[in-house]
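Read in order, the letters of the sequence shown correspond to residues 1396 to 1682 in the working numbering.
In this text, a Cβ means the ideal position worked out from N, Cα and C, and glycines have one as well.
Encoded as structure tokens, the structure appears first; notes follow it.
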Amino acid sequence: MSEFFTKDNVNIPSIGLGTWDLRGKKGEDVIQVALDVGYRHIDTAQMYDNEKEVGNAISSSKIEREKLFITTKIYTLVIKNEGIKDSFEKSLINLKTDYVDLLLIHFPAFTTNLNDMLKILFELKENNKAKNIGISNFNHNLVNDCIRLGYKDIFCNQVEYHPYLEQKELIRVLKESNILPVAYSPLAKGKLLNDKVILKIAEKYEKQPAQIVLRWLNQQGWIAIPKSANEIRMKQNINIFNFTISDEDMILLHSLARNYRAVPCALGTSHQIDLPSRHGVSGLELI
Ligand code: A2P
């Protein structure tokens, strides 16, 4: 499919570097290597405690700011609505930039209600400090809630997605609402890479298992942010644009779904469960 996906004239590189445990000098060096080998989309978060490392790597890379796509996320499990703006200013200082390309609500947890939180985020967009606003870990009910509240300009929803985790209902709602899907832990933290079916398909296409999984996501229009701290594997993950998986093999990969989550802690907040739910005072409530 594509090296970029586009929404409302905004281009986002379809592969980004996930940085969830890249910290300290070592983490900074890894991010630097990613920029050197061609990554232009870097995904960080206040919660990852590595915005400084991302900022340092970007500034020493000398890559023009406009050529980069930087995402960060407000740590909404900890930051209350009234603290969002200040915490974001800190993020910009750490990232050594005047703006981020994408600012996400990390979890649908909020002080008062969903509307108040979205309002604060979209005010940051008006100030041009966040070029796009998105959500993360929102299930299909919460996505619908955002739309019902009148927020039609949500750039993306970042959730776990890979061949072991079907997200059928969520995918339907995202398509309907023109919200870009972004997959975190697209390799299920590496668990998928020993799967016999995936290994067989990899052999057939003469590709690495990770490339098969990432290409499968790409052909469905998903942006993916695999994490790797290794230059060779980073290169593999970004080099998925010179082959196509057949319809038959796409279906075969879909058939591996088994409701497996590599990041079950996101379920600790219950926000991803696709069960009847509504947003209450402090976040999602199952009903
Ligand atoms: P490493 O950092 O040593 O490369 P996910 O993005 O789904 O969370 O997966 C991340 C895990 O998958 C990390 O342990 C990472 O290890 C590993 N990984 C990333 N890319 C590849 C690859 N191309 N081949 C094998 N393992 C990979």
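TODO: Report the rounded CA-to-CA distance for Leu1612 versus Tyr1546, giving the unit in angstroms.
DONE: Here residue 1612 corresponds to residue number 217 of the sequence shown, with the count starting at 1. Here residue 1546 corresponds to residue number 151 of the sequence shown, with the count starting at 1. Distance between the alpha carbons of Leu1612 and Tyr1546 is about 26 Å.
Open item on the list: I'd like to check one pair, Gly1411 with Phe1431: are the Cβ atoms closer than 8 Å?
Closed with: Locating residue 1431 in the sequence shown gives position 36, counting from the first residue. Locating residue 1411 in the sequence shown gives position 16, counting from the first residue. Reading the sequence as shown, one finds Asp at residue 1431 and not Phe. One thing to note: Asp1431 has its Cβ no nearer than 8 Å to the Cβ of Gly1411.
- [ ] Quick one: residues with CB closer than 6 Å to any heavy atom of the ligand A2P, in chain order, please.
- [x] Listed along the chain, these residues meet the criterion: Gly1413, Ser1580, Pro1581, Leu1582, Ala1583, Lys1584, Gly1585, Leu1588, Gln1603, Ala1605, Pro1621, Lys1622, Ser1623, Ala1624, Asn1625, Arg1628, Gln1631 and Asn1632.
TODO: Could you pull the start and end residues of the alpha helix (DSSP H) that Gln1604 belongs to?
DONE: Here residue 1604 is taken as the residue at index 209 of the sequence shown, counted from 1. Here residue 1604 is Pro; the residue named in the question, Gln, does not match the sequence. Under the DSSP assignment, Pro1604 falls in the alpha helix (DSSP H) whose first and last residues are Pro1604 to Gln1614.
Open item on the list: With three or more beta-carbon pairs closer than 8 Å as the criterion, would you say the stretch 1620-1627 touches the stretch 1573-1581?
Closed with: Taking 8 Å as the limit for Cβ pairs, the verdict is that the stretch 1573-1581 does touch the stretch 1620-1627.
- [ ] Report the option in Asn1654, Gly1529, Gln1615 and Arg1656 whose CA atom is closest to the CA atom of Asp1644.
- [x] Here residue 1644 refers to the residue found at position 249 when the sequence shown is read from its first residue. Minimum Cα distance to Asp1644 is reached at Gln1615.
Task: Residue range of the unbroken beta strand (DSSP E) whose run includes Asp1438 - done: Against the sequence shown, residue 1438 aligns to sequence position 43. Segment His1436 to Asp1438, the beta strand (DSSP E) holding Asp1438.
Task: Distance, Ile1640 Cα to Gln1553 Cα - done: As a first step, residue 1553 must be located in the sequence shown, where it is residue number 158. As a first step, residue 1640 must be located in the sequence shown, where it is residue number 245. Cα-Cα distance, rounded: 24 Å.
TODO: Check whether the Cβ atoms of Ile1469 and Leu1498 sit closer than 8 Å, and answer yes or no.
DONE: Here residue 1469 is taken as the residue at index 74 of the sequence shown, counted from 1. Here residue 1498 is taken as the residue at index 103 of the sequence shown, counted from 1. In this structure, Leu1498 lies closer than 8 Å to Ile1469 by Cβ.
Open item on the list: With three or more C-beta pairs closer than 8 Å as the rule, is the stretch 1642-1656 touching the stretch 1548-1562?
Closed with: Using a Cβ-Cβ distance cut-off of 8 Å, the stretch 1548-1562 and the stretch 1642-1656 are in contact, since at least three pairs of beta carbons, one from each stretch, lie closer than that value.
- [ ] Could you tell me which residues DSSP puts in a beta bridge with Phe1464?
- [x] For the purposes of this step, residue 1464 is taken as residue 69 along the sequence shown, with counting starting at 1. DSSP lists His1436 as partners of Phe1464.
Open item on the list: Going by beta-carbon coordinates alone, are Ser1409 and Ile1607 separated by less than 8 Å?
Closed with: Locating residue 1409 in the sequence shown gives position 14, where the first residue counts as 1. Locating residue 1607 in the sequence shown gives position 212, where the first residue counts as 1. No. Outside cutoff.
Task: Inter-residue Cα distance where the pair is Thr1384 and Val1658 - done: Because the chain spans 1396 through 1682 in this model, residue 1384 falls outside it and cannot be assessed.
Task: Beta carbon of Ser1572 nearer than 8 Å to that of Ile1593 - done: One-based indexing of the sequence shown puts residue 1572 at position 177. One-based indexing of the sequence shown puts residue 1593 at position 198. Cβ distance not < 8 Å, so Ser1572 and Ile1593 don't count as in contact.
Task: Cut-off 7 Å between Cβ atoms - residues of its own chain near Asn1476, not counting five sequence neighbours on either side - done: Counting from 1 along the sequence shown, the entry for residue 1476 is found at position 81. Phe1505, Thr1506, Thr1507, Asp1511, Met1512 and Ile1515.
Task: Other residues of its chain near Lys1524: CB distance less than 6 Å, five sequence neighbours each side excluded - done: Sequence index remark: in the sequence shown, residue 1524 carries index 129 (1-based). The residues are Tyr1494.
- [ ] Determine the contact status of Arg1435 and Leu1417, defining contact as a CB-CB distance below 8 Å.
- [x] In the sequence shown, residue 1435 corresponds to position 40, counting from 1. In the sequence shown, residue 1417 corresponds to position 22, counting from 1. Taking C-beta atoms as the reference points, Arg1435 and Leu1417 fail to come closer than 8 Å.
TODO: Could you tell me whether the stretch 1452-1459 touches the stretch 1480-1488, using the rule of 3 or more Cβ pairs below 8 Å?
DONE: Taking one beta carbon from each stretch, the stretch 1452-1459 and the stretch 1480-1488 have fewer than 3 pairs nearer than 8 Å; the two do not touch.
Task: Cβ neighbour criterion (16 or more within 10 Å) applied to Ile1465 - done: Looking up residue 1465 in the sequence shown gives position 70. Counting the other Cβ atoms within 10 Å of the Cβ of Ile1465 gives 16 or more, which makes it buried.
TODO: Out of Glu1423, Lys1563 and Val1449, state which residue places its alpha-carbon closest to the alpha-carbon of Asn1654.
DONE: Along the sequence shown, one-based indexing puts residue 1654 at 259. Nearest of Glu1423, Lys1563 and Val1449 to Asn1654, Cα basis: Lys1563.
TODO: Enumerate in chain order the residues of its own chain whose CB-to-CB distance from Leu1588 is below 7 Å, with the five nearest sequence positions on each side excluded.
DONE: On the sequence shown, position 193 is the one that residue 1588 refers to. The residues are Leu1582, Pro1604 and Ala1605.
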